[in-house]
Amino acid sequence: MDPVIEIEGLCKDFRVGFWRRRTRVLHDLNLTVHRGEIFGYLGPNGAGKTTTLKLLTGLILPTTGSARLLGQDVTLVAAKQQIGFLPETPYFYDYLTGREFLDLCGRLFRLPTGVRRDRIARLLHLTALEEAADRQLRKYSKGMLQRLGLAQALINDPSLVILDEPMSGLDPLGRKAMRDIILDLKAEGRTIFFSSHILPDVEVLCDRVGILVGGRLRGVGRLDEILKARTESVELILNRVSSDLAIVLRDLSQAPLLYQPDGVLVRLPDQERADQALRAAVEAGARVVGVAPQRLTLEDHFLREVEGNTP
34 MDPVIEIEGL CKDFRVGFWR RRTRVLHDLN LTVHRGEIFG YLGPNGAGKT TTLKLLTGLI
94 LPTTGSARLL GQDVTLVAAK QQIGFLPETP YFYDYLTGRE FLDLCGRLFR LPTGVRRDRI
154 ARLLHLTALE EAADRQLRKY SKGMLQRLGL AQALINDPSL VILDEPMSGL DPLGRKAMRD
214 IILDLKAEGR TIFFSSHILP DVEVLCDRVG ILVGGRLRGV GRLDEILKAR TESVELILNR
274 VSSDLAIVLR DLSQAPLLYQ PDGVLVRLPD QERADQALRA AVEAGARVVG VAPQRLTLED
334 HFLREVEGNT P
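Take a look at the structure:
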């Protein structure tokens with residue numbers, strides 16, 4: 034597969050405090066992101082996500098290691114010309130209109146007038162800002178500003194789009210709009226690398242994820258591979274449960290049985306015990322109303338990685 038982001042042995046130190054002691058915030062980061070995929074970069078606050086994105090965009094330099102974008106070192110202007118970047122807290126000149134702001138961004142990339150005009154029109158349509166295009170930015174909502182920030186990240190028609198917490202502060206409608214735009218970008222063949230702590234959005238959008246904990250990368254992989262066939266527990270609903278069977282089921286579930294209108298709910302901690310409970314139920318003449326495996330979610334996986342690697 035064609036690599037778009039290649040990170041090898043990346044480390045970053047900062048000097049902090051009165052004595053300017055050296056503190057390492059990224060430890061030996063190795064990662065490859067392939068063309069056309071959406072990669073979710075996850076981690077708790079302070080894990081080093083924004084630092085990584087600043088290194089990838091050349092805003093800061095690594096202490097050791099290297100990063101390449103589209104085959105070129107991130108420090109080269111040629112590499113930066115092929116990426117779009119939306120920071121977590123973008124700054125806008127609020128006295129400009131949306132159209133004027135995008136025109137300014139296009140001028141910074143030295144785009145010809147005709148190219149700027151056509152691209153601005155397309156991006157305003159993509160981000161549903163056509164009606165607000167000639168309104169001053171001080172009158173934009175948070176969601177509108179976030180979409181405008183994404184539009185500026187696309188003004189140079191980049192192959193790689195890097196987004197730092199693009200859903201941050203958005204209401205459900207704003208998050209849905211941002212998700213739709215990101216999926217449209219993937220459909221155009223672009224590569225999207227974004228950090229986020231909003232796990233339901235990541236689960237909907239991403240092909241692969243990586244979890245950063247304490248500056249170290251954990252659990253990189255495809256979402257379907259991480260989550261497939263990982264049964265957290267199994268719920269059974271049974272009718273005609275005798276007192277003897279109830280004792281067996283309690284022993285297997287190690288929890289109280291829940292008596293509901295549609296039957297007795299039994300929660301088993303794993304598939305093996307669920308199979309034993311089903312056999313016991315059938316042998317005792319109980320009726321099986323339902324079997325529901327409880328699958329591992331991205332949130333479950335994220336919390337395990339974070340809690341399992343927190344000092």
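Take 34 as the starting number for the sequence shown in our numbering and just add one per residue.
Yeah, the Cβ is synthetic: ideal placement off N, Cα and C, and Gly gets one too.
- Query: Hey, residue 178 and residue 335 are a contact pair by Cβ (cut 8 Å); roughly how many whole angstroms apart?
  - Reply: With a Cβ gap of about 28 Å, residue 178 and residue 335 do not count as contacting.
- Please work out which residues of its chain come closer than 6 Å, Cβ to Cβ, to residue 72, disregarding the five sequence neighbours upstream and downstream, and give them in chain order. Correct list, in chain order: 66, 226 and 241.
- Between the CA atoms of residue 204 and residue 170 - distance to the nearest angstrom: 19 Å
- Query: Given residue 58, which residues of its chain have a CB within under 8 Å of its CB, disregarding the five upstream and five downstream residues?
  - Reply: 45, 46, 47, 81, 84 and 248
- Query: What number of angstroms, rounded off, separates the C-alpha of residue 306 from the C-alpha of residue 300?
  - Reply: Annotation: residue 306 to residue 300 spans about 10 Å, alpha carbon to alpha carbon.
- Return the Cβ separation of residue 103 and residue 37 in integer angstroms, given the expectation that the two are a contact with Cβ distance under 8 Å. 6 Å
- Query: Roughly how many angstroms separate the alpha carbons of residue 284 and residue 292, rounded to a whole number?
  - Reply: 16 Å
- Query: Mind checking whether residue 340 and residue 252 have CB atoms under 7 Å apart?
  - Reply: no
- Using a Cβ-Cβ cut-off of 7 Å (strictly less than) and excluding sequence neighbours within five positions of residue 105, which residues of its own chain qualify? Correct list, in chain order: 111 and 112.
- Along the beta strand (DSSP E) that carries residue 56, what are the first and last residues, could you check? 54 to 67
- Query: In or out: residue 304 buried (at least 16 other Cβ within 10 Å) or exposed?
  - Reply: exposed
- Considering only the beta carbon of each residue, do residue 269 and residue 324 sit closer than 7 Å? yes
- Message: Could you tell me the alpha carbon to alpha carbon distance between residue 302 and residue 288, rounded to whole angstroms?
- Response: Between residue 302 and residue 288, the C-alpha separation is close to 10 Å.
- Distance, residue 212 Cα to residue 234 Cα: 7 Å
- Task: Sort out for me which residues DSSP pairs residue 325 with in a bridge.
- Result: 268
- By a C-beta neighbour count over all protein chains shown, 10 Å radius and 16 as the cutoff for buried, is residue 185 buried or exposed? buried
- Message: In the DSSP assignment, the beta strand (DSSP E) including residue 305 goes from what residue to what residue?
- Response: The continuous stretches of beta strand (DSSP E) do not include residue 305, which lies in the alpha helix (DSSP H) extending over residues 304 to 316.
- Task: Leaving out five residues on either side along the sequence, give the residues of the same chain with a beta carbon under 7 Å from the beta carbon of residue 322.
- Result: 270, 271, 272, 295 and 296
- Leaving out the 5 sequence neighbours to the left and right, which residues in its chain are closer than 8 Å to residue 315 when beta-carbon positions are compared? Closer than 8 Å at Cβ, skipping near neighbours: 321.
- For the candidate residues 277, 327 and 326, whose alpha-carbon lies nearest to that of residue 313? 277
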